[in-house]
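S.K.:
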Amino acid sequence: MQIIENQFLKATINPLGAELVSLFNKENNTEYIWNADPAFWGKSSPVLFPIIGALKNNQYRYQGKTYTLPRHGFARERVFSVESQMESSITFLLKEDEESLKVFPFNFEFRLVYTLVEKTLSVSYAVKNTGNEEMYFSVGGHPAFAVPLSENSVYDDYYLEFNQTEDFPRWELADGGLIKKEASTFLENTNRLPLTKELFYQDALVFKHLQSTSVVLKADNSDTKLTFDFEGFPFLGIWAAINANFVCIEPWCGIADSENHEQELIEKEGIEVLASHQIFLRTWAVTL
-2 MQIIENQFLK ATINPLGAEL VSLFNKENNT EYIWNADPAF WGKSSPVLFP IIGALKNNQY
58 RYQGKTYTLP RHGFARERVF SVESQMESSI TFLLKEDEES LKVFPFNFEF RLVYTLVEKT
118 LSVSYAVKNT GNEEMYFSVG GHPAFAVPLS ENSVYDDYYL EFNQTEDFPR WELADGGLIK
178 KEASTFLENT NRLPLTKELF YQDALVFKHL QSTSVVLKAD NSDTKLTFDF EGFPFLGIWA
238 AINANFVCIE PWCGIADSEN HEQELIEKEG IEVLASHQIF LRTWAVTL
């Protein structure tokens, strides 16, 4: 495990998947990250690369060839190297190899940069196309935050408060984790999403192109809260395992295949296209 810290926060990251496994607030002695209890869900903050969500039949086509990838891609199961580290920041690096090229035919450098500044942890994804042709990919986060955050509150006390009032049509997931063809009405003219365990009994909430760029996880009877900034990510997932004490706030550049997708990678909704030797950069941040 790798640790970075400052006077306020201490973050622990596992090189396997460059996964954030702990974010501890020294001031109030509170752990903000889900403990990865395998009885519910044995992850805490996996990185999603080079796809997000499920592919139709777990396959895609590129330049006439068919490739197979599991849900959310392979990066979360790969060991990243530590490229550089200081007391309050660390950079992890993953490159293509013989195995990755069998399922994702692109040369790349994928860096995850964790940085602590006062009471904020920022997480940056830097994808460099080291090949000579355009690269097609998706990237995103899946951090799970512990709920409740304080002993005097319970799960149903919490809600997500977005920084814009808007409508929230929900893109439901069909069998196999594919996005349904049409959105369903979910919330309208509000900035608040109350949390309940039942909310996730039918899998994740998926939203597209929200006006909001940040959301606060809070309860009216608790002073312990967090602010999550996701500007630049066009898709957002909200999820928890059934009856588990956490909520995932998932910023995505990319999305699962739709039911009617033809499986061509270059036509996939939300796919990012990166020119040769260019760098794609996105950052989300959590402030305690």
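Heads up: the sequence shown runs through residues -2 to 285, numbered per the working numbering. Backbone N, C-alpha and C fix where the C-beta goes; we use that ideal spot for every residue, glycine too. Quick caveat: nothing in here was measured; it's all calculated off a predicted structure.
1. Taking contact to mean at least 3 C-beta pairs separated by less than 8 Å, is the region 46 to 63 in contact with the region 258 to 270?
2. Using beta-carbon positions only, say whether Glu84 and Ile1 come within less than 8 Å of one another.
3. Taking the alpha helix (DSSP H) that Lys99 belongs to, which residues open and close that run?
4. Ala141 and Cys245 look like a contact to me (Cβ under 8 Å); what is the Cβ gap, rounded to whole Å?
5. Starting from Pro248, trace the beta strand (DSSP E) in both directions and tell me its first and last residue.
6. Where does the unbroken beta strand (DSSP E) through Phe92 begin, and where does it stop?
7. Would the beta-carbon of Ile235 fall within 8 Å of that of Ala201?
8. Given this structure, state the Cα-to-Cα distance separating Leu109 from Glu185, to the nearest angstrom.
9. On the DSSP letters alone, give me the boundaries of the beta strand (DSSP E) that Ala15 sits inside.
10. Tell me which residue opens and which closes the beta strand (DSSP E) that Tyr122 is part of.
11. Quick one: what does DSSP say Phe46 is sitting in, helix, strand or coil?
12. Leaving out five residues before and five after Ser41 in sequence, what residues of the same chain have Cβ atoms less than 7 Å from its Cβ?
13. I'd like to know if the region 168 to 176 and the region 84 to 96 are in contact, where contact means that at least 3 CB-CB pairs between them fall below 8 Å.
14. State the start and end residues of the unbroken beta strand (DSSP E) segment that holds Ser135.
15. What does DSSP give as the partner residue(s) for Pro166 in the beta ladder?
16. How big is the Cα-Cα spacing for Lys62 and Ala272?
M.R.: If we stick to the structure as given:
1. Three or more Cβ pairs closer than 8 Å define a contact, and the region 46 to 63 meets that threshold against the region 258 to 270.
2. Numbered from its first residue, the sequence shown carries residue 84 at position 87. Numbered from its first residue, the sequence shown carries residue 1 at position 4. The answer is yes: Cβ separation under 8 Å.
3. Here residue 99 refers to the residue found at position 102 when the sequence shown is read from its first residue. That run of the alpha helix (DSSP H) goes 95 to 100.
4. In the sequence shown, residue 141 corresponds to position 144, counting from 1. In the sequence shown, residue 245 corresponds to position 248, counting from 1. The Cβ separation is near 5 Å, so the contact holds.
5. The sequence position of residue 248 within the sequence shown is 251, counting from 1. Its beta strand (DSSP E) spans residues 243 to 250.
6. For the purposes of this step, residue 92 is identified with residue 95 of the sequence shown, where counting begins at 1. Note on residue identity: the sequence assigns Lys, not Phe, to residue 92. Per DSSP, Lys92 belongs to the beta strand (DSSP E) from 86 to 92.
7. For the purposes of this step, residue 235 is taken as residue 238 along the sequence shown, with counting starting at 1. For the purposes of this step, residue 201 is taken as residue 204 along the sequence shown, with counting starting at 1. Ile235 places its beta carbon less than 8 Å from that of Ala201.
8. Residue 109 sits at position 112 when you count from the first residue of the sequence shown. Residue 185 sits at position 188 when you count from the first residue of the sequence shown. A straight-line Cα-Cα distance of about 35 Å links Leu109 and Glu185.
9. Taking the sequence shown and counting its residues from 1, one reaches residue 15 at position 18. Looking at the DSSP string, Ala15 is not in any beta strand (DSSP E), and its letter there is neither H nor E.
10. Taking the sequence shown and counting its residues from 1, the one referred to as residue 122 is at position 125. Start and end: 117 to 126.
11. For this step, residue 46 is matched to residue 49 along the sequence shown. DSSP places Phe46 in strand when its eight states are reduced to three.
12. What you label residue 41 is simply residue 44 of the sequence shown in a count that begins at 1. Excluding sequence neighbours, Ser41 sits near Glu16, Leu17, Val18, Ile30, Trp31, Ala33, Ala141.
13. Between the region 168 to 176 and the region 84 to 96 there are fewer than three C-beta pairs closer than 8 Å, too few to call the two in contact.
14. Counting from 1 along the sequence shown, the entry for residue 135 is found at position 138. Per DSSP, Ser135 lies in no beta strand (DSSP E) segment and is marked neither H nor E.
15. Numbered from its first residue, the sequence shown carries residue 166 at position 169. DSSP, once it has assigned bridges, lists no residue as partnering Pro166.
16. Residue mapping note: residue 62 aligns to position 65 of the sequence shown, counting from 1. Residue mapping note: residue 272 aligns to position 275 of the sequence shown, counting from 1. If you take the alpha carbons of Lys62 and Ala272, they lie about 21 Å apart.
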